[in-house]
Amino acid sequence: MRVITVMVLLFVLFLGVVYGTFTATGSDRVDMSGVIIGLCTDNPQEDTTVIDSLLVEGYQSGASYPQNISIIINKNTTVYHKYGKNLVKASVADLHPGQKIEIRFDGHMLQTYPPQINASDVIILYDLK
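If you count the sequence shown from 1, position 111 lands on 111 in the numbering used here, and the numbers rise without skipping.
Spelled out as structure tokens, the structure:
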């Protein structure tokens, strides 16, 4: 009887680990949500509008306090507009201060001030203005 109880307990524990893994690595996870408070271009000395990074104020997943994070935009970053549950591909040029966005990170955060991290996806929710 004791062996059966231990086996059932281990099986339930295993199911919890599997469920947690699938939930944590799901494709619709959001690592941060916040508002764009600034845009940085690749070279401020040139007359160019290529966006290099965003300064975002918001909450990281699981955080209880807001923080400013520099979100690095690279060639692998995809930008979307969210309409209901649908995502429509957008352009980096569609990003501007005052937009509410969600971000999926790619890689590790650099512990500078403000912290910096690469974005894999930026999802534009709406404009606050």
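Cβ atoms here follow ideal geometry from the backbone N, Cα and C, with glycine treated the same way.
Whose C-alpha, out of the options, is nearest the C-alpha of residue i?
i	options	result
Ala63	Gly38, Lys75, Asp31 and Asp52	Asp31
Ile124	His108, Ile103, Leu110 and Gly107	Ile103
Thr41	Phe105, Leu110 and Leu95	Leu95
Asp106	Leu10, Arg29, Gly84 and Val12	Arg29
Exposed or buried, what is residue i when buried is set at 16 or more other beta-carbons lying within 10 Å of its beta-carbon?
i	result
Val8	exposed
Ile117	buried
Gln111	exposed
Ser70	buried
Gly34	buried
In the DSSP assignment, the beta strand (DSSP E) including residue i goes from what residue to what residue?
i	result
Tyr59	Ile51 to Gln60
Asp127	Gln116 to Asp127
Val35	Met32 to Thr41
Asp106	Gln99 to Leu110
His81	Thr78 to Tyr83
Who are the Cβ neighbours of residue i in its own chain at under 8 angstroms, not counting the five residues just before and after it?
i	result
Gly38	Leu54, Leu55 and Pro97
Thr78	Lys89, Ser120, Asp121 and Val122
Quick check: residue i and residue j, are their CB atoms within less than 8 angstroms of each other?
i	j	result
Ile36	Asp52	no
Tyr80	Val92	no
Lys100	Tyr126	yes
Pro114	Asn68	yes
Closer than 7 angstroms by C-beta to residue i: which residues in its own chain qualify, once you throw out the five before and the five after it? Chain order, please.
i	result
Thr5	none
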